[in-house]
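Take 1 as the starting number for the sequence shown in the working numbering and just add one per residue.
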Amino acid sequence: MNTQEKNSSRFNNNLERAIYNICRIAKVIIVTEHNGLNPGMRLLEEISRYH
């Protein structure tokens with residue numbers, strides 16, 4: 001397995017773990033694609049406690 005494959009595998013494992021943990025604590029999950037022009041994402045960034 002080369003370095004790129006290892007990094008990809010590690011990313012996928014972390015992504016799966018993150019999704020699992022989010023599903024344990026959240027009743028609703030909103031997934032958006034951030035492109036800088038997305039008003040919904042901009043609003044979410046402004047009202048989110050994370051940011």
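Glycine included, each C-beta is placed from N, C-alpha and C at the ideal position.
Got a sec? Which residues, its chain only, sit under 8 Å from residue i by beta carbon, not counting five neighbours each side?
| i | result |
| --- | --- |
| Ile40 | First, the amino acid is wrong: residue 40 is Gly here, not Ile. If we look at Gly40 and ignore the five residues flanking it on each side, its Cβ neighbours are Thr32. |
| Tyr20 | none |
Once the 5 residues before and after residue i are set aside, which same chain residues still bring their CB inside 7 Å of it?
| i | result |
| --- | --- |
| Asn38 | Thr32 |
What is the C-beta distance between residue i and residue j, in whole angstroms, given that I count them as a contact (C-beta under 8 Å)?
| i | j | result |
| --- | --- | --- |
| Ile29 | Ile22 | 6 Å |
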